[in-house]
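Read through the structure below, which is laid out as structure tokens, and then see the notes.
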Amino acid sequence: MTNYRDLITIEPGKRGGKPCIRGMRITVYDVLEYLASGMTPEQILADFPYLTPDDIQACLSYAADRERHQLASTA
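Rendered as structure tokens:
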């Protein structure tokens, strides 16, 4: 798996500066919301053929890393 930092981009003028996948207009939040609603990675990939399995894994890794940093800052 590629490092999520190679796939997740943040651009101030795109989607309000939210973290996006490879500079596209789909955000990490979008993918996480699809997963949380019960969609499988395979369903997401079928609905969004421009995404890859690494993109979905990068979203999960990004969220885990962000959570880890938030927990560390409150400790």
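The sequence shown begins at 4 in the numbering used here and counts up by one.
Glycine included, each C-beta is placed from N, C-alpha and C at the ideal position.
Under the three-state DSSP convention, the category residue i falls into
{"i": "Ile24", "result": "strand"}
{"i": "Ile11", "result": "strand"}
{"i": "Tyr65", "result": "helix"}
{"i": "Leu74", "result": "helix"}
Beta carbon of residue i nearer than 8 Å to that of residue j
{"i": "Ile24", "j": "Leu54", "result": "yes"}
{"i": "Glu36", "j": "Gly26", "result": "no"}
{"i": "Tyr7", "j": "Lys21", "result": "no"}
Contact set for residue i: own chain, Cβ-Cβ below 7 Å, skip 5 residues either direction
{"i": "Arg18", "result": "Arg28, Thr30"}
Between the CA atoms of residue j and residue i - distance to the nearest angstrom
{"i": "Thr12", "j": "Ser64", "result": "14 Å"}
{"i": "Ala66", "j": "Thr43", "result": "17 Å"}
{"i": "Ser76", "j": "Glu70", "result": "10 Å"}
### Task
Enumerate, from N- to C-terminal direction, the unbroken alpha helix (DSSP H) stretches of 4 or more residues contained entirely within the stretch 25–50.
For the stretch 25–50, whole alpha helix (DSSP H) runs of length 4 or above, ordered along the chain, are 31–39, 44–50.
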